[in-house]
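Notes follow the structure.
Numbering (this note's numbering), first residue to last: 68 to 322.
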C-alpha cells in the first residue's frame, strides 16, 4: 500500500516559516510535520510513501537524503570518503521523492505520480500539513467494503475561539475551543482506486473541484466520518498549538 503526501504548496498563510522551507518541513517538536504524518501511517503497518514535491522541494530531498546523518552518531573516514553510522535509528520506510511541478494544482500533482501508482491498485493520499488520530486500518477496511473509487475522511474542525453562553449579562457556561458542532469538512486521509486518474486532466486540475465533484455525482465518492482529533497547520497559531500538544507528551496523533 502506497501513500501519497501532497508536499508542493506555497503555504502562504504560514509565511513566517515557509519563506525558507516548504510547509511539510515546518517542525513540530523538532521533526517536520510530514514526518509526523508518515508516523501515523507507520503505526498501521504502512511504510511506502510517495511525496509530491513542488515549492522548495529540494529541502525535502535534502532532509531524507541526509536522514541517517541527522539521526545517528557517526565516524567519518575522510581519506576513504567513508561514513560509519554508530547507532542508526532510521525508520523502515521507502520514500519516493517526485518533482510534480512548481505550479501544479493538487490533481495535477497526483496525475504526475500516476506511473508510481497504477500498478499497485488501491492507494492512499493526504495533505502534508494535517495530523489526526484517524484509524487508518478502519478507514481502509471501510473503503474496501463499499467498492467505490474514492473515500474521503470527513472531520469536524476545532473552533478558533471559545463559546460563551450568556443569559441576562451573565456567562452561564464556557467552552474553550470546542469542535464545530455541525458540518463536516474534507480532512484529507483519502483512499483511491486507480480509476481516479480518469477524472484528472492536467497540471491545472484541482483535485477537490471537478474530480471529486464528478465522483460524487456518479456515486463513486464515499465518506469515512472521523469524529476524533484532526488539526491542520495553516497558520503560526496552529503551529504553536501543535507544539504545545507535542510538548505535553499527549499529542493525540502520536498514538
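Ideal Cβ positions, reconstructed from N, Cα and C, are used throughout, including at glycine.
- Task: Please say whether residue 198 and residue 107 have beta carbons closer to each other than 8 Å?
- Result: Within the chain shown, the letter at position 40 stands for residue 107. Within the chain shown, the letter at position 131 stands for residue 198. Yes, the Cβ-Cβ distance between residue 107 and residue 198 is below 8 Å.
- Query: Using a Cβ-Cβ cut-off of 8 Å (strictly less than) and excluding sequence neighbours within five positions of residue 72, which residues of its own chain qualify?
  - Reply: The sequence position of residue 72 within the chain shown is 5, counting from 1. Taken in chain order, the residues that qualify are 91, 101, 104, 105, 116, 117, 118, 119, 192, 193, 194 and 195.
- Length of the line joining the Cα atoms of residue 281 and residue 266: Here the question's residue 281 lines up with position 214 in the chain shown. Here the question's residue 266 lines up with position 199 in the chain shown. C-alpha separation (whole angstroms): 8 Å.
- Neighbour-count burial assignment, residue 311, 16 or more Cβ in a 10 Å radius: The residue given as residue 311 occupies position 244 in the chain shown. Burial call: exposed.
- Query: By DSSP, does residue 69 sit in helix, in strand, or in coil?
  - Reply: Counted from its first residue, the chain shown places residue 69 at position 2. Residue 69: strand per DSSP, three-state reduction.
- Does the stretch 76-95 come within contact of the stretch 205-221, defined as at least 3 CB pairs closer than 8 Å? no
- Query: To the nearest angstrom, how far is it from the Cα of residue 124 to the Cα of residue 168?
  - Reply: For the purposes of this step, residue 124 is taken as residue 57 along the chain shown, with counting starting at 1. For the purposes of this step, residue 168 is taken as residue 101 along the chain shown, with counting starting at 1. Roughly 9 Å between the two C-alpha positions.
- CB-CB under 8 Å to residue 216, same chain, minus the five flanking residues each way: which ones, in chain order? For the purposes of this step, residue 216 is taken as the residue at position 149 of the chain shown. So the qualifying residues of the chain are 259, 260, 262, 263, 282, 287 and 288.
- Item | Through-space distance from residue 294 to residue 305, alpha-carbon basis | If you number the chain shown from 1, residue 305 lands on position 238. If you number the chain shown from 1, residue 294 lands on position 227. Cα to Cα, residue 305 sits roughly 19 Å from residue 294.
- Excluding five sequence neighbours on each side, which residues of the same chain lie with their C-beta closer than 7 Å to the C-beta of residue 143? Position 76 of the chain shown holds residue 143. So the qualifying residues of the chain are 150.
- Which residue comes first and which comes last in the alpha helix (DSSP H) that contains residue 219? By one-based count along the chain shown, residue 219 stands at place 152. Run containing residue 219: none in the alpha helix (DSSP H); it sits in the beta strand (DSSP E), 217-222.
- Query: Hey, quick one: how far does the beta strand (DSSP E) through residue 143 stretch, first residue to last?
  - Reply: On the chain shown, residue 143 is found 76 positions in, with the first residue counted as 1. Taken as a continuous stretch (DSSP letters only), the beta strand (DSSP E) holding residue 143 covers 141-144.
- If you draw a straight line from the C-alpha of residue 175 to the C-alpha of residue 137, how long is it? The count along the chain shown starts at 1 and reaches residue 175 at position 108. The count along the chain shown starts at 1 and reaches residue 137 at position 70. For residue 175 and residue 137, the distance between alpha carbons rounds to 32 Å.
- When the distance is taken between beta carbons, is residue 96 closer than 8 Å to residue 314? Sequence index remark: in the chain shown, residue 314 carries index 247 (1-based). Sequence index remark: in the chain shown, residue 96 carries index 29 (1-based). Yes, the pair counts as a contact, with Cβ atoms nearer than the cut-off.
- Item | Buried or exposed (CB count within 10 angstroms, at least 16 for buried), residue 250 | Working through the chain shown from its first residue, we reach residue 250 at position 183. Answer is exposed; the Cβ neighbour count stays below 16.
- Buried versus exposed, by CB contacts within 10 Å (16 or more), residue 316: Here the question's residue 316 lines up with position 249 in the chain shown. Residue 316 is exposed by the Cβ-count criterion.
- By Cβ distance below 6 Å, which residues in the same chain neighbour residue 152 in space, the five residues on each side in sequence not counted? Here residue 152 is taken as the residue at index 85 of the chain shown, counted from 1. The answer, listed in chain order, is 135, 139 and 141.
- Item | For residue 94, the residue or residues it bridges with in DSSP | Your numbering for residue 94 matches position 27 in the chain shown. 99, per the DSSP bridge assignment.
- Message: Runs of 3 residues minimum, wholly inside the stretch 163-222: which ones carry the beta strand (DSSP E) assignment?
- Response: 190-194, 197-199 and 217-222
- Task: Could you give the DSSP three-state label for residue 290: helix, strand or coil?
- Result: Counting from 1 along the chain shown, the entry for residue 290 is found at position 223. If DSSP states are grouped into helix, strand and coil, residue 290 belongs with the strands.
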